[in-house]
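S.K.: One structure coming up, written as structure tokens, with questions to follow.
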Amino acid sequence: MPCARRNFLHQAMAATLAAALPLRAAQAAAYPDRTVRIVIPYPAGGATDNLGRLAAQALQQALGQSFIADNKGGGGTTIGTRAVAQAAPDGYTLGMVDSSFTINPGLLGARLPYDTLKDFAPVSLLARAPFVLVVHPSVPVQDLAGFIARAKAAPGRMAYGSAGVGSGPHLAGELLAQQAGIQVQHIPYKGGGTVITDLLGGQFQFAFATVPTLAEHIKAGRLRALAVTPRQRVPQLPDVPTFAEAGLPGVDTMPLFGLVAPAGVPPAIVEQLGAVLRQSIAQGEMRTRLTGLGFEPVGSTPAAFGQRIADEVAQWTAVVRRGNIQPE
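So, in structure tokens, the structure goes:
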């Protein structure tokens, strides 16, 4: 190719690239320029829905565009989460996830209609919710050591309820059994609404649930708290020891609540969304509201949330396999 023609082509390509760069920068700077949908894989109401709506409010206030909640419940969260995985990777469909997101890979395996570690771009871990182990007042134990001793004395007689096979409270109970070397009976319910009612009625002996769910029952003496899962005591229950303090540090589960995008969303958009949420949780009204609801505010970077997801997938897959837990 003649030198003059080669130089002309190089100059033309350079001019084309130079013209495209401002356009791409303008497109990135314009995000979002229309409504953004946050898919919540549950019906309206409940912790994940509440947190998703708080995130939508924070993003809308900071970015000046509508962020709306889109409830798509069913399939143990897989229907809504699959919709996020299959959405266009343009930043206009996001998804709320909770602990089911990290439990389902081990529970469902190849039946899961997406790859948890490959089909999503983590945005931010918004908050965690401490679990508390409670017993009905009729159970004659005052601490975790007494609970374990009673369970060992009568293998399989102590029973607990949960929102269903593979739910966070179910696997928290399984983790307790594995760490303490005890045998307990699991009673799965179709959702969590009736679990606490039946526990208060003495239909089974103990349960795991989030601190916000049980704090008032504990304070009123309707349930007895034995231990909480965080590494530090929780402000709502300052007299209740952590599992580590009570001698069982391996029970360290805390349900997570975070925001993800479909894989392939431009990193600049992921970083932008994550930065807004981190700032809102660090110093804004969102932090106050999260704390008031009994959650532990986090506001992580995308990378830190991605690592947390990978760690929890590994943890729960091991628990499911050791317990030979089969989905319903």
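Just so you know, we're using numbering that gives the first Met the number 0 here: the sequence shown kicks off at 0 and counts up by one.
Backbone N, C-alpha and C fix where the C-beta goes; we use that ideal spot for every residue, glycine too.
I need the boundaries of the alpha helix (DSSP H) containing Met-285, first residue and last residue.
M.R.: 284-291
S.K.: So Leu-124 and Ala-260 are supposed to be a Cβ contact under 8 Å. How far apart are they, rounded?
M.R.: Not a contact, Cβ separation roughly 14 Å.
S.K.: Out of curiosity, what's the CA-to-CA distance linking Ala-24 and Ala-55?
M.R.: For Ala-24, the predicted structure reports a pLDDT of 43, less than 50, and the residue's modelled location is therefore unreliable. The matter cannot be settled from this model.
S.K.: Starting from Thr-101 and walking both ways along the alpha helix (DSSP H), at which residues does that stretch end?
M.R.: 98-107
S.K.: Quick check: does the Cβ of Leu-143 come within less than 7 Å of any heavy atom belonging to the ligand FAD?
M.R.: Ligands in the displayed structure: none, and consequently the ligand FAD is not present.
S.K.: Please determine if the region 75-82 and the region 280-297 are in contact, where contact requires at least 3 C-beta pairs separated by less than 8 Å.
M.R.: no
S.K.: Along the chain, where does the alpha helix (DSSP H) that runs through Asp-69 open and close?
M.R.: Premise fails: Asp-69 lies in the beta strand (DSSP E), 66-70, not in any alpha helix (DSSP H).
S.K.: At which residue ranges does the region 123-185 contain complete alpha helix (DSSP H) runs of 4 or more residues, listed in the order of the chain?
M.R.: 143-152, 167-179
S.K.: Between the Cα of His-135 and those of Ser-98, Leu-225, Leu-258, spot the shortest distance and give me the residue it belongs to.
M.R.: Nearest of Ser-98, Leu-225, Leu-258 to His-135, Cα basis: Leu-225.
S.K.: If we count Cβ pairs, one from each stretch, closer than 8 Å, do we get three or more for the region 98-113 versus the region 196-211?
M.R.: The region 98-113 makes no contact with the region 196-211, as fewer than three CB pairs between them are under 8 Å.
S.K.: Just tell me which of Lys-71, Arg-36, Val-194 has its CA closest to the CA of Ile-186.
M.R.: Nearest of Lys-71, Arg-36, Val-194 to Ile-186, Cα basis: Val-194.
S.K.: Curious, which full-length alpha helix (DSSP H) runs of at least 4 residues does the region 234-294 contain?
M.R.: 266-282, 284-291
S.K.: Where Leu-93 and Phe-119 are concerned, what is the direct C-alpha to C-alpha distance, given to the nearest angstrom?
M.R.: 10 Å
S.K.: Buried or exposed, going by whether 16 or more other CB atoms sit within 10 Å of the CB of Met-0?
M.R.: Residue confidence is low: Met-0 scores 47 on pLDDT, short of 50, so the model does not pin down where it sits. No coordinate-derived value is stated.
S.K.: Please report whether the beta-carbon of Val-194 lies at a distance below 8 Å from any beta-carbon of chain B.
M.R.: No chain B appears in the structure shown, which is made up of a single protein chain.
S.K.: Could you round the C-beta distance between Tyr-91 and Pro-31 to whole angstroms and report it? I think they count as a contact, below 8 Å.
M.R.: 7 Å
S.K.: Under 8 Å between the Cβ atoms of Ile-324 and Glu-173?
M.R.: yes
S.K.: List the DSSP bridge partners of Leu-116.
M.R.: DSSP lists no partner for Leu-116.
S.K.: With 16 other CB atoms within 10 Å as the buried threshold, where does Pro-229 fall?
M.R.: Pro-229 is buried by the Cβ-count criterion.
S.K.: Could you give the first and the last residue of the continuous beta strand (DSSP E) run that contains Leu-225?
M.R.: 223-227
S.K.: Does Arg-52 come out as helix, strand or coil in the three-state DSSP assignment?
M.R.: helix
S.K.: Quick check on this structure: which residue in Phe-256, Phe-242, Gly-257 has the alpha carbon closest to the alpha carbon of Gly-250?
M.R.: Per the sequence presented here, residue 250 reads as Val, with Gly not at that position. The option with the nearest alpha carbon to Val-250 is Phe-242.
S.K.: Closer than 7 Å by C-beta to Gln-178: which residues in its own chain qualify, once you throw out the five before and the five after it? Chain order, please.
M.R.: Correct list, in chain order: Leu-247, Gly-249, Val-250.
S.K.: Can you tell me where the alpha helix (DSSP H) with Arg-307 in it begins and where it stops?
M.R.: 301-322
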